[in-house]
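Q: Numbering (our numbering), first residue to last: 7 to 144.
By construction, the Cβ of each residue, glycine as well, lies at the ideal position given by its N, Cα and C atoms.
What follows is a structure written as structure tokens; I'll ask about it next.
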């Protein structure tokens, strides 16, 4: 992927951190489980927040794949979003087209309604950028 497209994706992730309190990582992942773009937040060392690690990308891709199978089996349509809420925080995963997803890690203090709204909006932007990558040149 062209470097400027990665920069565009990273700017979307950075904007999420600016808009939303309680985020401690955002990553765009491919359906194959690879990191496309990631942003851990200002001043965070990678060891403190390994958001761009291959494990996070693989887990987010697995969550989407499992969710798709469940909804398909139950004839409930396509995934809108997946929320895993743990005792110390959670992860929101939203498809960004057919080939990628946007995953954000949140603290317990995050306002989930606002998070899900903004992540959906950001995922739509990510999808447009990724589609732009695959459009044939005229």
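To the nearest angstrom, how far is it from the Cα of residue 74 to the Cα of residue 91?
A: One C-alpha to the other measures close to 19 angstroms.
Q: Residue 129 and residue 108: beta carbons closer than 7 angstroms?
A: Yes.
Q: Taking the alpha-carbon positions, what's the residue 131 to residue 18 distance?
A: Answer to the nearest angstrom: the Cα atoms are 8 angstroms apart.
Q: Grab the span of the beta strand (DSSP E) containing residue 88 for me, first residue to last.
A: That run of the beta strand (DSSP E) goes 88-92.
Q: Quick check: residue 100 and residue 126, are their CB atoms within less than 7 angstroms of each other?
A: Against a cut-off of 7 angstroms, the Cβ pair of residue 126 and residue 100 comes out as a contact.
Q: Would you grab the beta carbon distance between residue 152 and residue 105 for me? Rounded to a whole angstrom, and I think it's under 8 angstroms.
A: In the structure as shown, the chain begins at 7 and stops at 144. Residue 152 is therefore absent and cannot be evaluated.
Q: Helix, strand or coil: how does DSSP classify residue 26 here?
A: In the structure shown, residue 26 sits in coil (DSSP, three-state: anything other than H, G, I, E or B).
Q: Taking buried to mean at least 16 other C-beta atoms within 10 Å of its own C-beta, is residue 133 buried or exposed?
A: Its Cβ being crowded by 16 or more others within 10 Å, residue 133 is buried.
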